[in-house]
Amino acid sequence: MVMAAAFAAIGWDKPESQYQRYLAEQEAGTRDVLVATVDDVFAGYVTVRWESSYFEGIPEISDFNVLPAYRRRGIGTALMDAAEAMVAERFPVVGIGVGLYPDYGQAQRMYVRRGYLPDGRGLIYDGRQVPPMETIRNDDDATLMFTKQLRN
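Just so we're aligned: the sequence shown equals residues 1 to 152 in the working numbering.
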């Protein structure tokens, strides 16, 4: 599969089975996958989970990735615009999570510029709220969750 191979080439663990699951979820109507290409070459994707495991009654934009070679070209913005427009057709609010270490810095800034606000529940680790004074590992499972009002 093109997507899995593209990420494997840069050392990211995004196996083909993940995309097979996404396809099955899309066929079931629980997730939509939006894919970006440049001159017919895979550049990135984003998914919309219509039934978030974190947000209650709010769809979640998740697994948003643009290959490093295609960043800073407006591809991420176009993917986010399309995902938000898709959600706005059915829901007034959308959610998104973002990691906390520096690799997520561009995404953190992008989400704030786009009007996303923290949901106020604080640090989330592997889908659960982290209580005060608990130590966690700062990996991909450590996130802040945000929401954005798309329409009234």
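In this text, a Cβ means the ideal position worked out from N, Cα and C, and glycines have one as well. Keep in mind it's a predicted model, so treat the numbers as computed, not measured.
When the beta-carbon positions are compared, R137 and P92 stay at least 8 Å from each other. For M1, the CB contacts under 6 Å within the same chain, skipping 5 residues up- and downstream, are E16, Y19 in chain order.
Assignment of M1 by DSSP, reduced to helix, strand and coil, places it in the coil class. Secondary structure of V38 (DSSP, three-state): strand.
DSSP lists R49, G95 as the bridge partner or partners of E60. In the same chain as V48, and ignoring 5 residues on each side of it, the C-beta atoms closer than 7 Å to its own belong to R31, D32, P59, I61, A83, M86, V87, in chain order. With the rule of 3 Cβ pairs closer than 8 Å, the stretch 70-78 counts as touching the stretch 42-56.
With a beta-carbon spacing of about 7 Å, G122 and V130 fall inside the 8 Å limit used to define contacts.
For I10 and E25, the gap between their C-alpha atoms comes out near 26 Å.
Between S53 and the set I96, Y116, D103, the nearest pair of CA atoms involves I96.
Pairing G29 with Y101, the inter-Cα distance amounts to about 32 Å. In this chain, the alpha helix (DSSP H) harbouring M110 covers 105-113.
In the DSSP assignment, Q149 forms a beta bridge with V93.
Across the structure, L117 and F146 are spaced so that their CA atoms are roughly 5 Å apart. When DSSP states are grouped into helix, strand and coil, G44 belongs to the strand group.
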